[in-house]
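Working notes, structure below.
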RNA sequence: GCCGGUGUGGCGGAAUUGGUAGACGCGUCCGACUCAAAAUCGGAUUCCUAUGGAGUGUGGGUUCGAUUCCCACCGCCGGUACCA
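Numbering (this note's numbering), first residue to last: 701 to 1535.
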């Protein structure tokens, strides 16, 4: 549609007017506990969108999908007497702004501010009922202050294994622990480990970022570096357990469980040339079948146990492995490895078994060492075949399955005291034996690793930490010195030094005679880990959230009532936020144990060609264009009408025209307005059905069916004899208001009402008006539809059966057949079985 | 491989506890209005060898009756992958 063309209703005029009015009058301001206009008798409803990264590209059509859904729900809840918190903010730290700054010399703060301004204008053009007074930006110094404060909470606590919660470090100091001992248990700690270092970008990358940047031509290598880590692994069990009561999609729960990766088994200690090497196994019942042992190439004892004859080859092998990332290791399934020349003693039978190193064993999982049971493990089997190692059966499969490479449960054989036991019992018995002999113990192992929390970037929160030049000891910056902002710098290009670009800010680094500052910065996740809480009390200068606000908005078990966003955050963001929330809970800063009670993932919107929208495919739909041509209400309505919120669905511009046509019909209802128009019974019936269905559908987030019902209702208005009755139209406008706020307010105003629709109560429906005196009964013969009867609603079963059997079509169909059975469901159907 | 999701007209999608398959919208076709067109309004629209028959990915099962419940497959989408 071109701009010169006739617009079916003047959205281009009134949408802007209403947006300006809402902004000027702060229509959607949400009062906080303590405010003069706060009403504590109202229940709260906190509905949250995943806040966007304000990229230079601006809003895409995926953003308004979730935002419209939460907006409709929020508006609906408000009309139903809830105190609704529906805020918006900016996840504004991030690599793109920094990369752009490096290229153009423009400071990332400038770029970020411009992008944020643009995003906000775009969102405001869509008429969302956000309380903009609560806007939050992760790069604001006042926000950074509390992100850093939370980091210090982690830094200053440890995980108490006995009470299963985080506790302050001060308790350990009181007990006389040494600095070194304390540093070993902090929830934020220093760790030297091989990480993904990108020389071309000058930063460390998370595992999941590696492929993405490599594809863009950046180089990435493995390199051992000293990094800040967060001890999320201590929370593994709770992160799994507390998932259970949450109202989240099963798929997301499964994804998180999978990511945490809990396995139950045992640790077994092997004697290797006088050293104790511990392995983890989920199958202690197969210990008699362990014919060799494998260490990860990075295992610390490799050099010690390797014999002189094998040294050269082993070292060469370690070198090749070091150059491969975990990802590359996975790609090459062909088994490789080298014997160390050393032997281990199998504790259960005293057998001498060879010790190998191979890259199919990872240092990062378990103890970096395994006992190999080639008969009953796929990988060990392949390895043993390739290197001609012995294979001993210790499990007898069920049925006549071949035991070689059989990995399932069965019966223990060739296993001494386990013989004849089921795998289940054999596991238990072996663990008992190991524990009694002091050669191992029951063990639960997780895939989850500690969180690599430091980045070598400029545009992120600096760590509020100091290093003593003399002792090399780190310590926390006093809280009074927060926020610690990055210094103004002209040049923050990567230096090649893994300490990051802040190293060049010489004055800034030098904190005092004796101390220098930490130069690493936090990852983008930091700000998004707790933003939902800041919305509740965005300008508090004493605390990240006041106790009062937390208790009103935060709820008892979980903080946010509904969280809507994309699946891309299914694991990391949601897991990290849950972790921080639990730490803050443990330390007594929060009542609730979980951040998000209900989670909904909106489905991706594809291009018209059914493919993912991308610049290169030229199938990107710009929401600004849609708003210009059809109006914000049409965009909102279309995105909700496309299909179920959670589903992946393709864009269809014709579909936008369809909903736009619907809104135009609603607009034209006022032309048919008539003071003496009376609503027909049919109109009243549909109207009340609509009130009921739309309300229920909004609660279920089933917006497409709600809209379809409103289309039916509009038709009923058009068909009402004598014109459109004003009172009923006003009721309908209230129902449509959460979906199309501009259009409905405008018509409402034209009807002469001065009160905003959005500030009124959701209409009640009258069941009486929906009841019909007659029912349409389906008449089936052998399950096939043969007739329909319109009968009084309260007709008896016998009468109905008689009527059905008397129907001429039924008689025709049953002619010459014997009547076997007649099923009568009153008010619904009659099925005649005959053959 | 494993985990999760999903499969319904030409298209997006509806369908309560098992009870009219295809609501609503798009597209298409026909008609009204118009000199004409757009817009608007009304009607039709699952398929077929059509007074009937078939039909919700495929094949079975339970049932008077299955898109819905059970079993076994197949396709597509997402996640994950040598995790011991």
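Where a beta carbon is used, it is the ideal one built from N, C-alpha and C, also for glycine.
CA-to-CA distance, residue j to residue i, given in whole angstroms
i: residue 990; j: residue 959; result: 28 angstroms
i: residue 762; j: residue 1270; result: 16 angstroms
i: residue 1348; j: residue 1303; result: 4 angstroms
i: residue 1267; j: residue 1206; result: 42 angstroms
i: residue 771; j: residue 1462; result: 15 angstroms
i: residue 1060; j: residue 1217; result: 40 angstroms
i: residue 1332; j: residue 1342; result: 16 angstroms
i: residue 712; j: residue 1453; result: 22 angstroms
i: residue 993; j: residue 810; result: 57 angstroms
i: residue 830; j: residue 1400; result: 21 angstroms
i: residue 738; j: residue 979; result: 60 angstroms
i: residue 1535; j: residue 1389; result: 42 angstroms
i: residue 1438; j: residue 1259; result: 24 angstroms
i: residue 1049; j: residue 1035; result: 28 angstroms
i: residue 1017; j: residue 1038; result: 7 angstroms
i: residue 1107; j: residue 1091; result: 13 angstroms
i: residue 1360; j: residue 1330; result: 6 angstroms
Close Cβ partners of residue i (< 6 angstroms) along its chain, the five nearest in sequence each way excluded
i: residue 1375; result: none
i: residue 1299; result: 948, 1263
i: residue 973; result: 1005, 1042
i: residue 1179; result: none
i: residue 1392; result: 1465
i: residue 1211; result: 1166, 1217
i: residue 1070; result: 979, 994, 1061
i: residue 1290; result: 1284
i: residue 1327; result: 825, 1335
Beta-carbon proximity list for residue i, same chain, < 8 angstroms, skipping 5 on both sides
i: residue 795; result: 1157, 1159, 1224
i: residue 1257; result: 945, 1292, 1293, 1294, 1297
i: residue 705; result: Bear in mind that the predicted position of residue 705 carries a pLDDT of just 47, short of 50, making it unreliable; the figure below should be weighed with that in mind. Nothing listed; no residue qualifies.
i: residue 1023; result: 921, 922
Chain-order list of residues whose beta-carbon lies under 7 angstroms from that of residue i (same chain, five-residue window excluded)
i: residue 1119; result: 1112, 1113
i: residue 931; result: 859, 887, 889, 1150
i: residue 1460; result: 779, 1434
i: residue 765; result: 1302, 1305, 1339
i: residue 1351; result: 761, 1305, 1306, 1307, 1308, 1321
i: residue 942; result: 1293, 1294
i: residue 1378; result: 1422, 1425
Among the options, nearest to residue i - alpha-carbon criterion
i: residue 1181; options: 878, 1206, 1492, 841; result: 841
i: residue 854; options: 937, 1284, 1106; result: 1284
i: residue 802; options: 1179, 943, 901; result: 901
i: residue 1075; options: 1056, 986, 1055; result: 986
i: residue 1021; options: 1457, 1171, 923; result: 923
i: residue 787; options: 1311, 707, 1062, 768; result: 768
i: residue 793; options: 1319, 1162, 1386, 1467; result: 1162
i: residue 1468; options: 1116, 818, 1384; result: 1384
i: residue 820; options: 836, 807, 805, 806; result: 836
i: residue 1505; options: 1493, 1478, 1492, 1494; result: 1478
i: residue 1194; options: 1213, 1155, 1164, 1174; result: 1155
i: residue 975; options: 939, 1051, 1007, 1044; result: 1044
i: residue 1381; options: 1471, 1431, 754; result: 1471
i: residue 1201; options: 1219, 1184, 1214, 1208; result: 1219
i: residue 797; options: 781, 1198, 754, 775; result: 754
Any non-hydrogen atom of the ligand COA closer than 7 angstroms to residue i Cβ
i: residue 1021; result: Although the ligand COA was asked about, the structure shown includes no ligands whatsoever.
Paired residues, beta bridge with residue i - DSSP
i: residue 1143; result: 965
i: residue 1100; result: Beta-bridge pairing links residue 1100 to no other residue.
i: residue 1252; result: According to DSSP, residue 1252 bridges with nothing at all.
i: residue 744; result: 783
i: residue 1476; result: 1490
i: residue 1534; result: 1519
i: residue 866; result: 859
i: residue 896; result: 905, 922
query: Taking one C-beta from the stretch 1174 to 1189 and one from the stretch 917 to 929 each time, how about it: are there three or more such pairs within less than 8 angstroms?
result: The stretch 1174 to 1189 makes no contact with the stretch 917 to 929; the number of CB pairs closer than 8 angstroms stays below 3.
field: Stretch pair the stretch 1236 to 1243 + the stretch 713 to 725: three plus CB contacts closer than 8 angstroms
entry: No, because fewer than three Cβ pairs between the stretch 1236 to 1243 and the stretch 713 to 725 fall closer than 8 angstroms, the two stretches do not touch.
query: Is it a yes or a no for the stretch 1482 to 1489 touching the stretch 1400 to 1415, going by three-plus beta-carbon pairs under 8 angstroms?
result: No, the stretch 1482 to 1489 is not in contact with the stretch 1400 to 1415.
- request: Determine, using beta-carbon pairs with one atom in the stretch 950 to 966 and one in the stretch 1270 to 1280, whether at least three such pairs fall under 8 angstroms.
  value: Short answer: they touch.
query: For the stretch 1132 to 1146 against the stretch 962 to 971, are there 3 or more C-beta pairs whose distance is under 8 angstroms?
result: The stretch 1132 to 1146, when compared against the stretch 962 to 971, does touch it at the 8 angstroms Cβ threshold.
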